[in-house]
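Undergrad: The opening position of the sequence shown corresponds to residue 1 in the UniProt record's numbering, with each subsequent residue numbered one higher.
Sharing a structure here in structure tokens format.
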Amino acid sequence: MYIKRLTANKESFHSIEFQPNNFNIILGTKSKDADKKNNTGETVNGVGKSLTVKLIDYCLGSRQTSHKIISKLKDSGWQFELNLQDENKFFNIIRDVDSGKVIFNNKDLTVTKVNNILEAEIFDRVENYKYLSFRNLICRYLRIPKLAYIKWEQYKSKEDEDKSVLYNSYLLGLDPQLIINKINNKTQINEAEKSKKYIEKDETIKKLMNGSKVSIGITNLSKEIEELEKKLSNFKISEGYNDVKLNIEKSKVKKNEIINEITKYNNTIKTIDKNLKINVDITCKKVEEIYEEAKVLFSSEMIKSLEEISIFHEQLLEGRKARLIKDKKRYIDLINKLEIDLKSIDNTINKDLSFIQDKVSTNEYERLQNRLTELKIQLEKAQQYEKLLKEFEQNIAEIKADMAQDNLKAIKYLESISEYIKELSVQFQGYVDYIYDERKYSGIDIENNDGNNKIRYDIIPQIQGDDSDGVGNVKLFCMDLLIWERQINNSIEFLYHDGFLFTDIDPRQVYRMLKLAYSICKNKNRQYIFNINYNMFENILSVAKQDNDTKFVEYLESCVILRLYDDKPEQKLLGIEI
């Protein structure tokens, strides 16, 4: 499949006609009047070079929000059109920026439907393998700057490492199934472990188990249920239990009242006893003796009066004593009667207590029965938790066993394709040696990853010194070329590189990189598209001239399909300033 044309519904847009089996260069160049203005800048940015690959990606089904610069065009009525050719088939894709809708070969289709059609046309057996899709594979030929130029294996900003291994392995001709197996198995293990931890940390079950292990909690719940069932089996239900118990409480209240009455009467009797001991201390005779000692003599009349008074008081005291004795007897009689009543109440209480002994009320029985039901529900829930935990543990163990078997299969599989891996490595070495024009330590190794992760294989391309940006970019370029040239499981002829790829590479190596891509274009009928700044382009031409490669200089110059300038908005890709 080749890219034929990129255009838009606005006249200001600079349409691009792509050539098949050829280089297609989009050149960002200095303004026509730059020399007059003494413009010394070496790069031209913001003219739309990188926007071309983003527009192609947008037409090929990327999310509306994937490219911020395209999102800025929303509500402006922009539509972009991409023409593709796959052998004798032609595909026309028009995508609206405002709505994101797609017209595919004059039919209104969803983005998903278009992706499915292109997937079936371009990629082989994708439907047989989980996770493989048109969008995940097409980006291998359309690296979007700048995040797609950091690691060779990752072509999108948010791409899991295990998925990258799968997509790259598919395009390199490795069997995807073992890779998918490990992704699935590890995903299931992670989900089971997550669920297991969720149960173990669940506050409900923690409270239920009083913080102990589930198995210990189950043992204790079972014991408590057993004891309660035994207790309930020995209970006798009495319909009058509550009435008897109420009578007991009333009798106890009455008993306390009687005790208080008896105490009160005893205290009154004690007071009476004290009063009965009171006598007349000073008689008439005693008064007379006192006054005689004081040399005071009473008249006979006075003495008579004193005697009368004394007799009166003695009689008064005797009367009071008689009354107190009578009261005391009355209180004693009351106490005796109350004691009889108290004894009767005690007998009633004892009888009632004897009646309710080993018996429970219906309400009490129901309360205990409800408690038993509650405990049984808790036990059932705990047993369910325990069962789930054991199922998770068993499931994890079984999956790990499958992973161990797949691990052995992967080792044997890599051993069985060792010659093919060597072939890939030799081809990669050939690219590297050509680009550096010398023998350089390099190659590809593919190893089984037996770690506790989702990654089945470690695909390791190496170039001596590839920790530097320039060499790292060369490695990325060579891996892209390897996938592009081999064209395994697909019919894609094009490869698009952004000029960002060449930024940190010596122009001499860039020159030879392009020569390498040129040979693939001519020998394999491929289409290589790249955008580049004029300074790097001129440096490449200069290197080619130094190498007396005038034909390649002429070829590169003839392959510039679009020149974009930075002096006026109308000379940029969109023809407007955004």
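Quick reminder that beta carbons are idealized off the backbone N, C-alpha and C, glycines included.
1) Considering only C-alpha positions, which residue in the set K400, D498, E227 and N275 is nearest to I144?
2) Using the three-state DSSP reduction, which class does Y565 fall into: helix, strand or coil?
3) With R135 as the anchor, note down where its alpha helix (DSSP H) starts and where it stops.
4) Terminal residues of the continuous beta strand (DSSP E) containing S442?
5) Measuring alpha carbon to alpha carbon, tell me which residue in K196, Y155 and G77 is nearest Y385.
6) Looking at the structure shown, is E17 part of a helix, part of a strand, or coil, going by DSSP?
7) Give me the Cα-Cα distance between D406 and D175, rounded to the nearest whole angstrom.
8) For E318, which residues in the same chain have their Cβ closer than 7 Å to its Cβ, ignoring the five residues on either side in sequence?
9) Y48: buried (16+ other C-beta within 10 angstroms of its C-beta) or exposed?
10) Quick one: grab the DSSP three-state call for N105.
11) The alpha helix (DSSP H) spanning E127 covers which residue range?
12) Could you name the residues that DSSP lists as bridge partners for I25?
13) What number of angstroms, rounded off, separates the C-alpha of R330 from the C-alpha of K274?
14) Identify the continuous alpha helix (DSSP H) that holds N523 and give its terminal residues.
15) Is the segment 126-138 close to the segment 170-185, with three or more CB pairs under 8 Å?
16) Relative to the C-alpha of K68, which candidate in N247, Q79 and V97 has its C-alpha closest?
17) Which one or two residues does DSSP pair with D86 in a beta bridge?
18) Output needed for N39: all residues of its chain with C-beta closer than 6 Å, excluding positions within five of it in sequence on either side, in chain order.
19) Hey, out of E127, K475 and Y420, whose CA is closest to K440's CA?
20) Below 7 Å CB to CB, which residues in the same chain sit around I103 once its five sequence neighbours on both sides are set aside?
21) Spatial neighbours of L564 within its chain, please: CB distance less than 8 Å, with the 5 preceding and 5 following residues excluded, ordered by chain position.
22) For I421, is the classification buried or exposed, using 16 other Cβ atoms within 10 angstroms of its Cβ as the cut-off for buried?
23) Out of curiosity, what's the CA-to-CA distance linking N88 and K107?
24) On the three-state DSSP scale, how would you describe K572?
25) Where are the alpha helix (DSSP H) runs, 4 residues long or more, that stay fully inside the segment 48-87, in chain order?
26) Roughly how many angstroms separate the alpha carbons of L221 and A192, rounded to a whole number?
27) Give the single residue among P20, E438, T7 and N448 whose Cα lies nearest to the Cα of I411.
28) I need the boundaries of the beta strand (DSSP E) containing R5, first residue and last residue.
29) Output the boundary residues of the beta strand (DSSP E) element that contains Y457.
30) In this structure, does DSSP put Y331 in helix, strand or coil?
31) Please report the straight-line C-alpha distance between residue 581 and I417, rounded to a whole angstrom.
32) Looking at the unbroken beta strand (DSSP E) that takes in L495, where does it start and where does it end?
33) What did DSSP end up calling N490 once you bin it into helix, strand or coil?
34) Assuming F502 contacts M536 under a Cβ cut-off of 8 Å, what Cβ separation, rounded to an integer in Å, is found between them?
35) At a Cβ threshold of 9 Å, is D327 touching chain B?
36) With H, G and I counted as helix, E and B as strand and the rest as coil, what does DSSP make of R439?
TA: Put simply:
1) The residue among K400, D498, E227 and N275 with its C-alpha nearest the C-alpha of I144 is D498.
2) Strand at Y565.
3) Residues F134 to I138.
4) Taken as a continuous stretch (DSSP letters only), the beta strand (DSSP E) holding S442 covers S442 to N448.
5) Distances from the CA of Y385 to each of K196, Y155 and G77 were compared; the closest alpha carbon is that of K196.
6) E17 falls in the strand class under three-state DSSP.
7) Answer to the nearest angstrom: the Cα atoms are 13 Å apart.
8) The beta carbon of E318 is closer than 7 Å to none in its chain, skipping five residues each way along the sequence.
9) Position check: residue 48 holds Gly in this sequence, whereas Tyr was assumed. G48 comes out buried.
10) Reduced to three states, the DSSP call for N105 is coil.
11) Here E127 belongs to no alpha helix (DSSP H), and DSSP marks it neither H nor E.
12) As a beta-bridge residue in DSSP terms, I25 pairs with F530 and V560.
13) Approximately 17 Å between the Cα atoms of the pair.
14) Note, N523: alpha helix (DSSP H), P507 to K524.
15) Yes: the two stretches touch, three or more of their Cβ pairs being nearer than 8 Å.
16) Selected option, being the one with the closest Cα: V97.
17) Bridge partners of D86: K89.
18) Because N39 carries a pLDDT of 49, less than 50, the predicted location of this residue cannot be relied on, and the following value inherits that uncertainty. Setting aside the 5 residues that flank it on each side, N39 is surrounded in the same chain by K30, each with a C-beta closer than 6 Å to its C-beta; the list follows chain order.
19) For K440, the closest of E127, K475 and Y420 by C-alpha to C-alpha distance is K475.
20) Closer than 7 Å at the Cβ level, and outside the excluded window around I103, lie I94.
21) H14, I26, L27, G28, T29, V44, V47, G48, K49, Q571, K572 and L573.
22) I421 is buried by the Cβ-count criterion.
23) Straight-line spacing of the CA atoms in N88 and K107 works out to 20 Å.
24) K572 falls in the coil class under three-state DSSP.
25) Runs found: 49-59 and 68-71.
26) The straight-line gap from Cα to Cα measures roughly 27 Å.
27) It is N448.
28) The continuous beta strand (DSSP E) containing R5 extends over residues Y2 to A8.
29) In the DSSP annotation of this structure, the continuous segment of the beta strand (DSSP E) that includes Y457 starts and ends at Y457 to I463.
30) Three-state result, Y331: helix.
31) Residue 581 lies beyond the range of the chain shown here (1 to 578); nothing can be said about it.
32) F494 to H497 is the extent of the beta strand (DSSP E) around L495.
33) Correct three-state label for N490: strand.
34) 6 Å between Cβ atoms; contact.
35) Absent here is chain B; the protein component of the structure consists of one chain.
36) Residue state, collapsed to three classes: coil.
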